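*Asks:*
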Amino acid sequence: MGLVVGIPRALFYYRYYPIWERFFRELGATVVCSPPTSRAIVDMGARECIAEACIPIKLYHGHVAALLDKVDVLFIPRLVSVRPKAVFCPKFLGLPDMVKNSFKHLPRVIDVRVDLRRGPFELLRVAEAVARCIGAGRSRALYALWSALRTLKSGYPSAQPPAEGDLRVAVVGYPYEVHDPYVNVGTLEKLRSLGVVPVTVEDLSQRTLNSAPNPLRKHLFWTWSEDTVHAAEYFFQTKSVDGVIHVTAFGCGPDAIVNKCLEIESKKTGAVPFMTLMIDEHTGDAGVRTRLEAFVDMIRRQRSVAGCRS
Amino acid sequence: MPKLRQPVGFPYLGTVVPVATELLKVLGNEVVPPTRPTRRTINLGVSSSPEFACFPLKILMGTYLELVQRGAATIVATGGVGPCRAGLYAPLHEKMLRSMGYDVDFLVFEPPRYSYTAFYNTVGQLNACNYSVPRIWQELKYAWKKLLALDEAEKRLHWLRPRELKRGDADRAYHAAFNRITSACKSDLDQAILEARAGLDSVEIDPGRKPLRIGIVGEIYVVLEPASNLGIEKMLGDLGVEVVRSMFITGWTRDNAILDSAGITGGVDVKKAARRYLDQMIGGHGQESVGHAVLAKKHGLDGIVQLAPFTCIPEIVSRSVMTRLSEDLDVPIMTFFIDEQTGEAGVKTRLEAFVDMLSRKKKIGR
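As you go down the protein sequences, you meet chains A and B in turn. As numbered in the numbering used here, residues 9 to 318 make up the first sequence, in order. As numbered in the numbering used here, residues 6 to 371 make up the second sequence, in order.
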């Protein structure tokens with residue numbers, strides 16, 4: 009048994025966990041992931057993190073707390089950029105600093121900076137640096153990276169079970185909000201039980217996303233905000249879904265801009281119903297259910313009215 | 006290139022307003038100068054902005070709405086390259102105003118480093134009189150000199166307030182100096198600066214007083230614009246505290262627009278100092294806030310007041326490392342997250358308690 013590496017089940021987990029898990033396993037480490045989000049984790053996060061932070065960041069602190077005495081090392085990379093023209097949200101950029109300065113006793117933290125804008129071989133350098141932190145050499149790092157990248161083929165960890173229904177509703181937003189059923193109070197599951205097939209950002213290819221129009225004169229600065237906006241724009245333009253729901257966290261900085269853009273764009277195109285679902289630590293089951301039911305009812309009703317007329 | 010539609014307006018930011026108005030007029034533009042944001046401005050802005058946009062976006066939205074209603078056809082604004090949201094505010098403001106039915110153009114100054122031609126063209130758009138490049142350079146130099154003089158007067162005011170013998174003398178002298186400098190014409194500017202200095206120096210002070218020194222750090226708009234921070238500097242001054250502000254408009258412009266275009270990183274010391282707690286440029290003024298707090302002892306400060314708009318991303322990150330920093334370095338820090346709901350009495354009470362705590366700490370330490 010090698011070192012035990014802890015990966016919090018929050019934020020980038022929903023995109024990169026299979027890659028990281030495979031990478032560390034190839035290097036001979038044991039990977040431990042925090043348990044799915046629960047009330048206890050939310051409470052721990054709210055206690056460790058400053059009040060002004062958004063719920064995803066608080067949750068991240070909660071998941072770190074859940075791993076504290078179970079691991080030798082914590083993997084909290086400083087994800088800066090994975091695309092030429094976009095960076096992650098500033099809170100991601102400062103995440104290792106936030107965590108390190110919030111907890112009194114932390115295990116060792118691997119906080120290697122990932123900024124792929126620096127050069128074509130940056131990913132190799134990052135892999136090497138991470139491997140060095142757990143005592144592995146260059147050749148093993150490269151092999152581990154190669155096998156880790158192959159997991160990309162099997163898709164995202166957040167792939168959804170197949171669903172059947174007469175409506176397709178897009179649920180756009182960041183992976184850590186859309187795919188954490190605790191924090192969004194089972195939005196996707198609730199939609200399925202209403203006979204709706206949920207479609208998420210992950211169901212669109214990166215090429216489709218990139219081809220969607222930009223709502224502002226300037227590119228959005230943040231990787232996942234860009235994806236969210238482009239996905240929504242794609243749905244508005246192609247009308248390939250019956251409605252769009254934007255899941256956003258209370259106090260989310262980038263979403264202040266994203267949400268306003270989507271609101272204006274949805275009014276402009278006018279053909280696809282749009283709803284914003286805001287989540288925070290206090291979001292209740294009944295509230296979300298009521299809003300989703302109302303939204304779906306409204307779409308169905310509009311359809312039947314349109315059906316009668318034609 | 007299409008001709009710029011007149012008249013032009015621009016955001017309200019403290020001492021910049023009279024100088025920018027004059028500069029734009031000299032270049033041959035018709036100007037609608039912005040007025041100091043009031044409750045009405047804030048309410049206007051809040052009602053048409055996203056809920057979680059930061060306070061500066063809302064105040065600017067209110068200011069722009071007032072400008073457009075007063076006839077402005079073009080808004081001159083600043084851009085940015087992120088990752089702070091402020092870099093996207095100009096296009097967002099434009100989109101919001103247009104969706105509300107206002108026909109308004111935006112002329113956005115992006116940092117010159119990213120495209121010198123774009124910057125040159127932006128300046129060219131405002132050059133309605135078709136002046137030559139040296140002439141424009143002259144005008145800019147003159148405006149810069151005025152801004153420097155205004156910043157100097159304000160720094161002096163911060164020093165005088167806790168030391169004045171008669172309450173209000175320093176503020177009166179500052180207003181006289183402000184009016185003298187802003188109304189000066191080209192040939193008269195040197196004389197005006199001398200007179201302003203003399204006026205401020207003539208304020209009677211108690212030389213024996215050793216006031217507390219509190220550093221103000223945080224996001225640029227809420228630090229620089231008293232209308233957005235309930236005049237926190239004056240409140241502190243009236244409590245007998247010398248305010249040491251981390252940033253002035255001229256210093257900021259020098260570091261971030263001028264030196265940056267020449268490939269030199271400004272404010273290196275501060276960023277280096279921040280590295281132990283926050284080792285990453287996170288946009289806005291997050292890293293600077295941390296750096297100034299680290300250097301507080303070295304600069305002889307007794308405490309730090311951090312000002313941040315509610316939901317400001319960089320300042321949330323810097324706030325979350327401040328607790329540890331404050332314990333490690335024994336620097337008391339108080340953070341205010343400001344938005345349209347912030348009340349004066351609440352801020353005052355917290356400030357008084359902070360100042361009491363600091364003066365007590367100083368007494369015991371001695």
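Backbone N, C-alpha and C define an ideal beta-carbon position, used for all residues, glycine too. All values derive from a computational prediction rather than experimental measurement.
Taking only beta-carbon atoms, is residue 322(B) less than 8 Å away from chain A?
*Replies:* Interface residue, yes.
*Asks:* Check whether chain A comes within 8 Å of residue 81(B), counting only Cβ atoms and requiring the distance to be less than that.
*Replies:* Output row for residue 81(B): interface = no.
*Asks:* Given a threshold of 16 other Cβ atoms within 10 Å of its Cβ, counted over all protein chains shown, does residue 199(B) qualify as buried or as exposed?
*Replies:* When all chains shown are included, residue 199(B) counts as exposed.
*Asks:* Is residue 206(A) helix, strand or coil by DSSP?
*Replies:* Strand at residue 206(A).
*Asks:* Hey, which unbroken runs of the alpha helix (DSSP H) at 4 residues or more fall wholly within the segment 8-88 of chain B?
*Replies:* The segment 8-88 of chain B contains these whole alpha helix (DSSP H) runs: 21-31, 44-52 and 60-74.
*Asks:* Strictly by DSSP, which residues pair up with residue 220(B)?
*Replies:* Answer is 249(B) and 309(B).
*Asks:* What separation, rounded to the nearest whole angstrom, lies between the Cα atoms of residue 36(B) and residue 282(A)?
*Replies:* About 40 Å.
*Asks:* Rounding to the nearest angstrom, what Cα-Cα distance links residue 130(A) and residue 274(B) in this structure?
*Replies:* Near 28 Å, if we compare the C-alpha coordinates of residue 274(B) and residue 130(A).
*Asks:* For a test of the three-state rule: what should DSSP assign to residue 287(A), helix, strand or coil?
*Replies:* Strand, per DSSP.
*Asks:* Is the separation between the beta-carbon of residue 283(B) and that of residue 102(A) shorter than 8 Å?
*Replies:* Yes; because the gap between Cβ atoms is below 8 Å, this pair is in contact.
*Asks:* Using a Cβ-Cβ cut-off of 8 Å, state whether residue 264(A) counts as contacting chain B.
*Replies:* Yes, because at least one Cβ of chain B sits closer than 8 Å to the Cβ of residue 264(A).
*Asks:* Just the chain A side, please: which residues come within less than 7 Å of residue 284(B) by C-beta, in chain order?
*Replies:* Ordered by position in chain A, the residues that pass the 7 Å Cβ test against residue 284(B) are 105.
*Asks:* Reducing DSSP to helix, strand and coil, say where residue 49(A) ends up.
*Replies:* In the structure shown, residue 49(A) sits in a helix (DSSP, three-state: H, G or I).
*Asks:* Any beta carbon of chain B sitting closer than 8 Å to that of residue 18(A)?
*Replies:* It does not: the Cβ of residue 18(A) has no partner Cβ on chain B nearer than 8 Å.
*Asks:* With three or more beta-carbon pairs closer than 8 Å as the criterion, would you say the segment 305-322 of chain B touches the segment 92-112 of chain A?
*Replies:* Verdict: yes, contact present.
*Asks:* Assign residue 209(B) to buried or exposed, taking buried as 16 or more other Cβ atoms, counted over all protein chains shown, within 10 Å of its Cβ.
*Replies:* Exposed, because fewer than 16 other Cβ atoms sit within 10 Å of the Cβ of residue 209(B).
*Asks:* Can you check whether the CB of residue 159(B) is closer than 8 Å to the CB of residue 20(B)?
*Replies:* Against a cut-off of 8 Å, the Cβ pair of residue 159(B) and residue 20(B) comes out as a contact.
*Asks:* Using the three-state DSSP reduction, which class does residue 205(B) fall into: helix, strand or coil?
*Replies:* Here residue 205(B) sits in helix by DSSP.
*Asks:* For residue 201(A), which of 174(A), 217(A) and 188(A) has the nearest alpha-carbon?
*Replies:* Nearest C-alpha to residue 201(A): 174(A).
*Asks:* If I'm right that residue 334(B) touches residue 302(B) with Cβ under 8 Å, what's the distance once you round it to whole angstroms?
*Replies:* Between residue 302(B) and residue 334(B) the Cβ distance is about 6 Å, and since that is below 8 Å, they are a contact.
*Asks:* Buried or exposed for residue 86(A), please, with buried defined as at least 16 other CB atoms from any protein chain shown within 10 angstroms of its CB.
*Replies:* Per the 10 Å Cβ criterion, buried.
*Asks:* If you measure from the beta carbon of residue 319(B) to each beta carbon in chain A, is any gap under 8 Å?
*Replies:* It does: the Cβ of residue 319(B) has a partner Cβ on chain A nearer than 8 Å.
*Asks:* Is residue 364(B) near residue 217(B), with beta carbons less than 8 Å apart?
*Replies:* Contact flag set, yes.
*Asks:* Among 337(B), 358(B) and 48(B), which has the Cα closest to the Cα of residue 222(B)?
*Replies:* Looking at the Cα atoms, 337(B) is the closest of the given residues.
*Asks:* Just curious, the beta strand (DSSP E) that residue 339(B) is in, first and last residue?
*Replies:* It spans 338-343 - the beta strand (DSSP E) in which residue 339(B) sits, taken as one unbroken run.
*Asks:* Please report how far the alpha carbon of residue 198(A) lies from the alpha carbon of residue 313(A), in whole angstroms.
*Replies:* Distance between the alpha carbons of residue 198(A) and residue 313(A): 25 Å.
*Asks:* In the structure shown, what three-state DSSP assignment does residue 34(A) receive?
*Replies:* Helix.
*Asks:* For chain A, check one thing: does any of its Cβ atoms lie closer than 8 Å to the Cβ of residue 368(B)?
*Replies:* So no, residue 368(B) is outside the interface.
*Asks:* Output, in chain order, the set of chain E residues within a Cβ distance shorter than 9 Å of residue 109(A).
*Replies:* This model lacks chain E altogether, as its protein chains are A and B.
*Asks:* Restricting to runs no shorter than 4 residues, where is the alpha helix (DSSP H) found entirely within the segment 213-297 of chain A?
*Replies:* With a minimum length of 4 residues, the continuous alpha helix (DSSP H) runs that stay inside the segment 213-297 of chain A are 214-219, 231-246 and 261-277.
*Asks:* Please list, in chain order, all residues of the same chain as residue 285(A) whose beta carbon is under 6 Å from its beta carbon, the five residues on each side excluded.
*Replies:* Closer than 6 Å at Cβ, skipping near neighbours: 253 and 255.
*Asks:* Count the other CB atoms within 10 Å of the CB of residue 350(B); is the residue buried (16 or more) or exposed (fewer)?
*Replies:* Burial call: exposed.
*Asks:* Can you list the residues of chain B that residue 228(A) reaches, using a CB-CB cut of under 8 Å?
*Replies:* Residues of chain B passing the Cβ test: 93.
*Asks:* Going by Cα to Cα distance, which pick from 44(B), 255(B), 300(B) and 224(B) is closest to residue 155(B)?
*Replies:* Closest by alpha carbon: 255(B).
*Asks:* Less than 6 Å between C-beta atoms, sequence neighbours within five positions excluded: which residues of the same chain meet that for residue 300(A)?
*Replies:* If we look at residue 300(A) and ignore the five residues flanking it on each side, its Cβ neighbours are 198.
*Asks:* Hey, how far is the Cα of residue 54(A) from the Cα of residue 47(A)?
*Replies:* So the two alpha carbons sit approximately 11 Å from each other.
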